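Engineer:
Residue numbers (the numbering used here): 694 to 1154.
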């Protein structure tokens, strides 16, 4: 039996005892008192009624144990702790132990399983994976550890001790899982590990697990410790925004062999002038509600730059900022002072369905001389819908199509999107062209704007 199941039984019994025992005790005391005070005059009916009352009290007591409350500590599908109970449990463990480690194990292909084999098989994959994890840890002489289902295919495990004690064990999990299957359905696992050296706040630890997992998937790097604690990183990012400490780099974007505009890339600087990369700070500024302030800070710098350099620039702007009245008002004020063209590049995974409102915002920005580009066309569903429904100026293909072999393989896809854009008077743009072959193909496909290190490198301004 898994620890969550043992704990649920204990939890149900204690709660039922607290709720039912006082009632049972009062009924029993009433019967005894009545019997002592009136033993000579009691009728047979009293004994029958008392017996029935005791029987029903016991029934009520047992009912409370199994069905009498709605609190659930076990996830119905995976049979592990629910997220809420797991977090409460681990917070208590963090107070008890100086060193504590969290491990994230994820079923990467759960969505594929649900789609190809049905939701029931997806549920089965969750339950059997949880059992497999428990069985694996048992072989490593680790028992009675908290295991919870967080979301989707993600499980979190809590273990007493330092990360260094379990890193090899986690690598062993992935080695053992390479050939893992349930009812002939292949299960693909990934994960991450962190400990209280990173933070003693559970929310930060969990966020770090998911961020580290994503970095590891992309770069296949080995496990390593973070340099800054979450509080230090947040403080550093806030200070950088307040002090306008940024590193601005640009790369030329070409049209018909000439520079059409420059795309901007932003890094923040810490107190030692070391760069903080977007992958590190973007999520944090979103969490802290500073995205509008950040976008305005960068935009102000860009307006000053466009006056000095006499160039046109493209800048990534959050779609949520674009729909913020404070941002729009300040943007209009800034662009009263410049005549140079600026392109706002938008990337939005979740489709914003109020397209009439979106178009009215876009038109107001165009009146201020701002062009709108939508990025990641060909991989994000919302980009295709925006190409179809918004009055934008440019669409940028996802960098997935930038390699020469991908341009050849997906030529018909690119031609189809390009034709659709051309019919609507929208220009196309492709980035990250790394060799002469990809540049040649992009020109053959008549993509309006081309960009990449084969054409020009990054320049710090």
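The C-beta atom is built at its ideal place from N, Cα and C for all residues, glycine as well.
Small disclaimer: the values here were computed from a predicted structure and weren't measured.
Is residue 796 near residue 778, with beta carbons less than 9 angstroms apart?
Structural biologist: Contact: no.
Engineer: Please tell me whether residue 841 and residue 782 are closer than 9 angstroms, where the distance is taken between their beta carbons.
Structural biologist: Result yes, Cβ atoms of residue 841 and residue 782 sit closer than 9 angstroms.
Engineer: Out of 1067, 1100, 873, state which residue places its alpha-carbon closest to the alpha-carbon of residue 1084.
Structural biologist: For the residues 1067, 1100, 873, the minimum Cα distance to residue 1084 belongs to 1067.
Engineer: Report the option in 960, 1111, 1092 whose CA atom is closest to the CA atom of residue 1126.
Structural biologist: Taking only the C-alpha atoms, the option nearest residue 1126 is 1092.
Engineer: Note down the Cα distance separating residue 1074 from residue 1039, rounded to an integer number of angstroms.
Structural biologist: If I take the Cα positions, the gap works out to 14 angstroms.
Engineer: Here's the rule: buried if 16 or more other CB atoms are within 10 angstroms of the residue's CB, otherwise exposed. What is residue 1071?
Structural biologist: With 16 or more Cβ atoms within 10 Å of its Cβ, residue 1071 is classed as buried.
Engineer: So within the segment 959 to 1036, which uninterrupted beta strand (DSSP E) runs reach at least 3 residues, ignoring any that extend past its ends?
Structural biologist: Within the segment 959 to 1036, the complete beta strand (DSSP E) runs of at least 3 residues are 1006 to 1009.
Engineer: Using the DSSP secondary-structure output, state which residues sit across from residue 676 in a beta bridge.
Structural biologist: No information on residue 676 is available, as it lies outside the stretch 694 to 1154 that the chain covers here.
Engineer: Taking the alpha-carbon positions, what's the residue 828 to residue 873 distance?
Structural biologist: The alpha-carbon atoms of residue 828 and residue 873 are separated by roughly 13 angstroms.
Engineer: For residue 935, which of 984, 943, 906, 954 has the nearest alpha-carbon?
Structural biologist: Selected option, being the one with the closest Cα: 984.
Engineer: How close, in whole Å, do the beta carbons of residue 773 and residue 823 come, if the pair is a contact with beta carbons under 8 angstroms?
Structural biologist: 5 angstroms between Cβ atoms; contact.
Engineer: Is the beta carbon of residue 1086 closer than 9 angstroms to that of residue 1119?
Structural biologist: Yes, the Cβ-Cβ distance between residue 1119 and residue 1086 is below 9 angstroms.
Engineer: Please state the DSSP three-state secondary structure of residue 838.
Structural biologist: Note: residue 838 maps to coil in three-state DSSP.
Engineer: Looking only at C-alpha atoms, which of 834, 941, 851, 826 sits nearest to residue 866?
Structural biologist: Selected option, being the one with the closest Cα: 826.
Engineer: Among the candidates 927, 725, 715, whose CA atom is the shortest distance from the CA of residue 750?
Structural biologist: Ranking the options by Cα distance to residue 750, first place goes to 715.
Engineer: Counting along the chain, where does the beta strand (DSSP E) carrying residue 942 start and finish?
Structural biologist: First-last of the beta strand (DSSP E) with residue 942: 939 to 948.
Engineer: Provide the residue(s) that pair with residue 952 in DSSP beta bridges, ordered along the chain.
Structural biologist: Bridge partners of residue 952: 947.
Engineer: Compute the Euclidean distance between the alpha carbons of residue 771 and residue 830, then round it to the nearest angstrom.
Structural biologist: The alpha-carbon atoms of residue 771 and residue 830 are separated by roughly 17 angstroms.
Engineer: Could you pull the start and end residues of the beta strand (DSSP E) that residue 798 belongs to?
Structural biologist: Taken as a continuous stretch (DSSP letters only), the beta strand (DSSP E) holding residue 798 covers 793 to 800.
Engineer: Could you give the residue range of the beta strand (DSSP E) that holds residue 1069?
Structural biologist: Element bounds for residue 1069: 1063 to 1070.
Engineer: If you compare alpha carbons, which of 1017, 834, 1004 is closest to residue 951?
Structural biologist: Taking only the C-alpha atoms, the option nearest residue 951 is 1004.
Engineer: Is the beta carbon of residue 942 sitting closer than 9 angstroms to the one on residue 1154?
Structural biologist: Yes, the pair counts as a contact, with Cβ atoms nearer than the cut-off.
Engineer: Note the first and the last residue of the continuous alpha helix (DSSP H) segment covering residue 832.
Structural biologist: Residue 832 -> alpha helix (DSSP H) spans 812 to 832.
Engineer: Going straight from the alpha carbon of residue 728 to that of residue 711, what length do you get?
Structural biologist: The alpha-carbon atoms of residue 728 and residue 711 are separated by roughly 27 angstroms.
Engineer: To the nearest angstrom, how far is it from the Cα of residue 930 to the Cα of residue 988?
Structural biologist: One C-alpha to the other measures close to 14 angstroms.
Engineer: Would you mind sorting residue 701 into buried or exposed? The rule is 16 or more other CB atoms within 10 Å of its CB.
Structural biologist: Burial call: buried.
Engineer: Which value, in whole angstroms, describes the spacing of the CA atoms of residue 748 and residue 705?
Structural biologist: Using only the alpha carbons, I get a separation of about 21 angstroms.
Engineer: The alpha helix (DSSP H) with residue 1151 in it runs from where to where?
Structural biologist: First-last for residue 1151: undefined, no H or E at that position.
Engineer: Assess, as a yes-or-no matter, whether the segment 1033 to 1053 is touched by the segment 1005 to 1024 under the definition of 3 or more beta carbon pairs within less than 8 angstroms.
Structural biologist: Verdict: yes, contact present.
Engineer: Considering only residues of the same chain and omitting the five flanking positions on each side of residue 956, which have a CB-CB separation below 7 angstroms?
Structural biologist: Excluding residues within five positions, the ones whose Cβ falls inside 7 angstroms are 943, 944, 946, 1007, 1144.
Engineer: Using the rule of at least 16 other Cβ atoms within 10 Å of the residue's Cβ for burial, across every protein chain shown, is residue 906 buried or exposed?
Structural biologist: Buried, because 16 or more other Cβ atoms sit within 10 Å of the Cβ of residue 906.
Engineer: When burial is assigned at 16 or more other CB atoms within 10 Å of the CB, is residue 1146 buried or exposed?
Structural biologist: Burial call: exposed.
Engineer: Could you tell me whether any non-hydrogen atom of the ligand NAP is closer than 8 angstroms to the CB of residue 744?
Structural biologist: Because no ligand of any kind appears in the structure shown, any question about the ligand NAP cannot be addressed here.
Engineer: Using the beta-carbon count (16 or more within 10 Å), is residue 914 buried or exposed?
Structural biologist: Any reading at residue 914 needs caution, since the residue's pLDDT is 44, under 50, leaving its predicted position unreliable; the model's value is listed next. By the neighbour-count rule (16 or more Cβ atoms within 10 Å), residue 914 is not buried but exposed.
Engineer: I'd like to know whether the C-beta atoms of residue 1049 and residue 1021 end up nearer to each other than 9 angstroms.
Structural biologist: Cβ distance not < 9 angstroms, so residue 1049 and residue 1021 don't count as in contact.
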